[in-house]
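Accompanying notes for the structure given below.
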DNA sequence: CGTCATTAATTGACTCGTCAATCAATAACT
DNA sequence: AGTTATTGATTGACGAGTCAATTAATGACG
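Chains as they are written, first to last, in this note's numbering: chain E, 1 to 225; chain F, 1 to 225.
This is the structure we're talking about:
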């Protein structure tokens, strides 16, 4: 056998893919660019990933599992339900998610979901996990209202993420001085919204009784792949 | 002069651009495709729009002003503040915004904003208008808390739009049976969130006093272009 | 310990198609 | 006749994916 293990090479290529998507802000990245950034020849990318879309989907899985790891880590030290909510929100707006690379990847993956079944599936997986985590964290406070509220909070997280992520971009035309990007304001907003939802007197109940958590799975219990 | 007026041609080409973006789900659409769809030769697209990015930005402006028109129209019949809030939400989740074309355009424009200053500016313009409208509609109910709440509601609208728009896509692999796509569940969620925010007792106030509506402009007062 | 055969990773030149943008020619109008 | 929209063939560049050749490792055998 030669130089590096398959696993290592795949990791390198995926990392390079994310790096290049981050640098260009597009999925219009040539395999040559990616290969060069990974320090290999263009042909090798096709050896390990059959085509470009496969490489993109692998990159997407990587971003998703990185986010999952962030959440899991943040959740590890949380004991109270409040802590749990905080952990989820902090992870979503933390440094990890606000790197230029991650932002670029997320936004472009949303667009990819329009034409790729698999991308859509992965995005859906992310949403289900987020929802599940939120329900688990919110149930002690608001019981059966949790699924309904969680759906809104999930949407709010995505929406505010998008806004602050693009705002960030707006303020940094050149990519110097990166790093201190900040999602904490977004996090604050989410926590406020949760406070509001938990305080409300609820005359009108669930919008969708249909999916009121049929199998209340533990947070992050789903298989990654 | 020949066949059609400049304005008409531009309109045709912009419409064709949106149509093609909608059909493909990408900005990777050739000028030939667009031209063909508009019933003209490829060269003409470059005559009226200097290059492809210009055409995309024109398409984005078109989508934005269409949305603006929807909101304005919905707002026209609204007399009470409640009506105003409803109008904004209904427009955001209405038929106009949930056409395949519109969804595809919006999502791809978010991605475009990562690399185009101008796209970012346009998106920012949209956000400011939405915020402004929300503040105007919410102020009677919650006074000085309006700007803060409006920021969250704006984010929530974007986030839920994205979710339901992509869900929609998920359920319709083939583009037959389109049309009856539905954003009303998203709208319901937004109204719930607003109810929750308006009910809350507010111990802790604005997250950002800085921009507490320095010039309380009327809704949709800003110049379109 | 060498040396050579075997196996597998890695290369990069190449193919074939595609596409943005141009421009000289033409058609439609006044 | 003169003006202006419109055409579509063309160019030049570029990029995805292929493949035959090359290089590095492993180990078998002396």
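Glycine included, C-beta positions come from ideal geometry on N, C-alpha and C.
### Message
If distances are taken between C-alpha atoms only, which option among F:34, F:126, F:100, F:119 comes closest to residue 69 (chain F)?
### Response
As a first step, residue 69 (chain F) must be located in the second chain, where it is residue number 69. Nearest C-alpha to residue 69 (chain F): F:126.
For this session: Could you tell me whether the Cβ of residue 156 (chain E) comes closer than 8 Å to any Cβ of chain F?
Result: Indexing the first chain from 1 puts residue 156 (chain E) at position 156. Yes, its Cβ sits closer than 8 Å to a Cβ of chain F.
Using a C-beta to C-beta distance shorter than 7 Å, which residues of chain E count as neighbours of residue 107 (chain F)?
-> Residue numbering aside, residue 107 (chain F) sits at position 107 when the second chain is read from its first letter. Near residue 107 (chain F) (Cβ distances below 7 Å), the residues of chain E are 110, 111, 114.
| message | Would you say residue 163 (chain E) lies against chain F (beta-carbon separation less than 8 Å)? | response | Here residue 163 (chain E) refers to the residue found at position 163 when the first chain is read from its first residue. By this cut-off, residue 163 (chain E) is an interface position.
One question on the structure: do residue 161 (chain E) and residue 107 (chain F) come within less than 8 Å of each other, judged by their Cβ atoms?
One-based indexing of the first chain puts residue 161 (chain E) at position 161. One-based indexing of the second chain puts residue 107 (chain F) at position 107. The Cβ atoms of residue 161 (chain E) and residue 107 (chain F) do not sit closer than 8 Å to each other.
Task: Backbone secondary structure at residue 108 (chain F) - three-state DSSP - done: If you number the second chain from 1, residue 108 (chain F) lands on position 108. In this structure, residue 108 (chain F) counts as helix in the three-state DSSP scheme.
- [ ] Could you give the DSSP three-state label for residue 30 (chain F): helix, strand or coil?
- [x] Sequence index remark: in the second chain, residue 30 (chain F) carries index 30 (1-based). In the displayed model, residue 30 (chain F) falls within coil according to three-state DSSP, outside both helix and strand.
**Request:** Assign residue 223 (chain E) to one of two classes, buried (16 or more other C-beta atoms within 10 Å of its C-beta) or exposed (fewer than that).
**Result:** Position 223 of the first chain, counted from the start, is the residue given in the question as residue 223 (chain E). Because the pLDDT at residue 223 (chain E) is just 45, under 50, the model does not fix this residue reliably, and the value given afterwards should be weighed accordingly. A residue is called buried when at least 16 other Cβ atoms come within 10 angstroms of its Cβ; residue 223 (chain E) does not meet this threshold and is exposed.
(message) If contact is defined by three or more beta carbon pairs under 8 Å, each pair taking one atom from either stretch, is the region 8 to 28 of chain E in contact with the region 37 to 48 of chain E?
(response) By the criterion of at least three beta-carbon pairs nearer than 8 Å, the region 37 to 48 of chain E is in contact with the region 8 to 28 of chain E.
*chain F partners of residue 151 (chain E), CB-CB under 7 Å?*
By one-based count along the first chain, residue 151 (chain E) stands at place 151. Ordered by position in chain F, the residues that pass the 7 Å Cβ test against residue 151 (chain E) are 189.
How far does the alpha helix (DSSP H) with residue 47 (chain F) in it reach, from first residue to last?
-> What you label residue 47 (chain F) is simply residue 47 of the second chain in a count that begins at 1. 42 to 48 is the extent of the alpha helix (DSSP H) around residue 47 (chain F).
At least one CB of chain F closer than 8 Å to the CB of residue 6 (chain E): is that the case?
-> What you label residue 6 (chain E) is simply residue 6 of the first chain in a count that begins at 1. Taking Cβ atoms only, chain F never reaches closer than 8 Å to residue 6 (chain E), which makes this a no.
> Which value, in whole angstroms, describes the spacing of the CA atoms of residue 62 (chain F) and residue 122 (chain F)?
Replying inline: Taking the second chain and counting its residues from 1, the one referred to as residue 62 (chain F) is at position 62. Taking the second chain and counting its residues from 1, the one referred to as residue 122 (chain F) is at position 122. Approximately 11 Å, taken between the alpha carbons.
### Message
Less than 8 Å between the beta carbons of residue 78 (chain F) and residue 91 (chain F), yes or no?
### Response
Counting from one through the second chain, the residue named residue 78 (chain F) turns up at place 78. Counting from one through the second chain, the residue named residue 91 (chain F) turns up at place 91. At the C-beta level, residue 78 (chain F) and residue 91 (chain F) stay beyond 8 Å of one another.
| Using the beta-carbon of each residue, which ones in chain E are nearer than 7 Å to residue 134 (chain F)? | Within the second chain, residue 134 (chain F) is the residue found at index 134, counting from 1. Residues of chain E passing the Cβ test: none, with the nearest at roughly 13 Å.
Given this structure, state the Cα-to-Cα distance separating residue 20 (chain E) from residue 145 (chain F), to the nearest angstrom. Taking the first chain and counting its residues from 1, the one referred to as residue 20 (chain E) is at position 20. Taking the second chain and counting its residues from 1, the one referred to as residue 145 (chain F) is at position 145. Approximately 42 Å between the Cα atoms of the pair.
Under the three-state DSSP convention, the category residue 98 (chain F) falls into: Stepping through the second chain from its first residue, residue 98 (chain F) is reached at position 98. In the structure shown, the three-state DSSP call for residue 98 (chain F) is coil.
**Request:** Check each candidate in F:148, F:89, F:15 and name the one with the smallest Cα separation from residue 197 (chain F).
**Result:** Counted from its first residue, the second chain places residue 197 (chain F) at position 197. Among F:148, F:89, F:15, the Cα nearest to that of residue 197 (chain F) belongs to F:148.
Checklist entry - Mapping DSSP to helix, strand and coil, what is residue 39 (chain E)? => result Translated into the one-based positions of the first chain, residue 39 (chain E) becomes position 39. Residue 39 (chain E) sits in coil when the DSSP states are folded into three classes, being neither helix nor strand.
Looking only at its chain, what residues have a beta carbon closer than 6 Å to the beta carbon of residue 193 (chain E), apart from the 5 residues adjacent to it on each side? In the first chain, the residue the question calls residue 193 (chain E) occupies position 193. For residue 193 (chain E), where only same-chain residues beyond five positions count, the Cβ hits under 6 Å are 156.
As a quick exercise: from F:119, F:103, F:143, F:158, pick the residue whose alpha carbon is nearest that of residue 130 (chain F). Here the question's residue 130 (chain F) lines up with position 130 in the second chain. Ranking F:119, F:103, F:143, F:158 by Cα distance to residue 130 (chain F) puts F:158 first.
**Message:** Could you compute how far the alpha carbon of residue 13 (chain E) sits from the alpha carbon of residue 95 (chain E)?
**Reply:** Taking the first chain and counting its residues from 1, the one referred to as residue 13 (chain E) is at position 13. Taking the first chain and counting its residues from 1, the one referred to as residue 95 (chain E) is at position 95. Taking the straight line joining both Cα atoms gives about 23 Å.
Does residue 120 (chain E) have its Cβ less than 8 Å from a Cβ in chain F? Start at 1 with the first residue of the first chain, and residue 120 (chain E) comes out as number 120. Answer yes: the Cβ-Cβ gap between residue 120 (chain E) and chain F drops below 8 Å somewhere.
Taking the Cβ atom as the reference point for each residue, do residue 152 (chain E) and residue 189 (chain F) lie within a distance shorter than 8 Å?
For the purposes of this step, residue 152 (chain E) is taken as the residue at position 152 of the first chain. For the purposes of this step, residue 189 (chain F) is taken as the residue at position 189 of the second chain. Cβ distance < 8 Å, so residue 152 (chain E) and residue 189 (chain F) count as in contact.
Out of F:117, F:97, F:24, point me to the one whose CA is closest to residue 66 (chain F)'s CA.
As a working note, residue 66 (chain F) is residue 66 in the second chain. For the residues F:117, F:97, F:24, the minimum Cα distance to residue 66 (chain F) belongs to F:97.
- Quick one: what does DSSP say residue 92 (chain E) is sitting in, helix, strand or coil? Your numbering for residue 92 (chain E) matches position 92 in the first chain. Three-state result, residue 92 (chain E): helix.
- prompt: Rounded to a whole number of angstroms, what is the C-alpha to C-alpha distance between residue 39 (chain E) and residue 33 (chain E)?
  reply: Translated into the one-based positions of the first chain, residue 39 (chain E) becomes position 39. Translated into the one-based positions of the first chain, residue 33 (chain E) becomes position 33. Approximately 10 Å between the Cα atoms of the pair.
| What does residue 24 (chain E) reach in chain F if we use C-beta pairs closer than 8 Å? | For this step, residue 24 (chain E) is matched to residue 24 along the first chain. In chain order, 115 make up the part of chain F whose C-beta sits under 8 Å from the C-beta of residue 24 (chain E).
Against chain F, with Cβ distances strictly below 8 Å, would residue 92 (chain E) count as a contact? Counting from 1 along the first chain, the entry for residue 92 (chain E) is found at position 92. For residue 92 (chain E), the answer is no, since every Cβ of chain F falls outside 8 Å of its Cβ.
- prompt: Looking at the unbroken alpha helix (DSSP H) that takes in residue 52 (chain F), where does it start and where does it end?
  reply: Taking the second chain and counting its residues from 1, one reaches residue 52 (chain F) at position 52. First-last of the alpha helix (DSSP H) with residue 52 (chain F): 52 to 76.
Practice item. Kindly indicate which residue of E:54, E:105, E:120, E:137 has the alpha-carbon position closest to the one of residue 75 (chain E). Key: Residue mapping note: residue 75 (chain E) aligns to position 75 of the first chain, counting from 1. Minimum Cα distance to residue 75 (chain E) is reached at E:137.
Item checked: Sequence-distant residues of its chain with Cβ nearer than 6 Å to residue 255 (chain F) (five each side left out) -> The structure shown does not extend to residue 255 (chain F), since chain F is modelled only from 1 to 225, so the question has no answer here.
C-beta atoms of residue 154 (chain E) and residue 101 (chain E) nearer than 8 Å
Within the first chain, numbered from 1, the residue matching residue 154 (chain E) stands at position 154. Within the first chain, numbered from 1, the residue matching residue 101 (chain E) stands at position 101. Here residue 154 (chain E) is not near residue 101 (chain E), since their CB atoms are 8 Å or more apart.
Cα-Cα, which of F:124, F:81, F:15 is closest to residue 143 (chain F)? Residue mapping note: residue 143 (chain F) aligns to position 143 of the second chain, counting from 1. Checked all of F:124, F:81, F:15; the closest Cα to residue 143 (chain F) is F:81.
Could you have a look at residue 169 (chain F) and say whether DSSP puts it in helix, strand or coil?
Sequence index remark: in the second chain, residue 169 (chain F) carries index 169 (1-based). Three-state result, residue 169 (chain F): helix.
Alpha carbon to alpha carbon, what distance is there between residue 54 (chain E) and residue 133 (chain F)?
Reading the second chain from its first residue, position 133 is the one you call residue 133 (chain F). Reading the first chain from its first residue, position 54 is the one you call residue 54 (chain E). Roughly 43 Å between the two C-alpha positions.
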